[in-house]
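Working notes, structure below.
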Amino acid sequence: MTHLLMLLIVVAMISFALSACAKDKDESRNIKNSVITFSVSNTFSKAAGDHFIFGAEGSRDDTTIVDWKLNGRKIAGDVSIDDHYVDGGKSNITVKSVSPFFRGSVGFTFSNIGRAPYTVTYTIKTNDIIIDQKTITISSGETYFKSYSL
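Residues -22 to -1, 1 to 128 in mature numbering (1 follows the signal peptide of the UniProt record, and there is no 0) are what the sequence shown lists, from first letter to last.
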């Protein structure tokens, strides 16, 4: 009986080890790097009530968060950009993952409470493949929200 129990424990441990290795192999095929570029027109005005929120995050596993670079400056962990950063307009903002990740997401929210419309142009690339590329004009009273899984 003891030998049978030991055999079952060994088989269970080997099965667990093999399934963990298989999971690692599957995840290694899903390693990603992303680059997000965007510009906000100079008619964006925080004082007039315009709002802008951008966020990007990625992880290698359940405990390791990926760092990002914002226009070449390293940001530890998730990156977020708000009204202050783009007030008065900003061109060629680049957000890039510092290291490869398995899971990630990016999201935008724009709203125009002010009078003048403003334009946001963005491109999202993962592993050098364009995921989406848009130019959005936000008129007075409009809100735009979009999120992407990377």
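Beta carbons: idealized from backbone N, C-alpha and C, even for Gly. Quantities reported herein were computed from a predicted structural model and do not represent experimental measurements.
Within the same chain, Cβ atoms closer than 7 Å to the Cβ of THR113 are found at THR97 and THR99, the five residues on either side in sequence being excluded. At the C-beta level, LYS24 and ASP61 come within 8 Å of one another. Counting along the chain, the unbroken alpha helix (DSSP H) around VAL64 starts and ends at 61 to 64. When rounded, the separation of the alpha-carbon atoms in LYS10 and SER125 is 17 Å. The DSSP-derived three-state label of PHE30 is strand. With respect to SER12, GLY85 sits apart: the two C-beta atoms are not nearer than 8 Å. By the 16-neighbour rule on beta-carbons within 10 angstroms, SER117 is exposed. Spanning the alpha carbons of PHE80 and SER127 requires a straight line of approximately 11 Å. THR101 sits close to GLN111, with the two beta carbons spaced by under 8 Å. Taking the C-beta atoms as reference points, VAL18 is found no nearer than 8 Å to LYS74.
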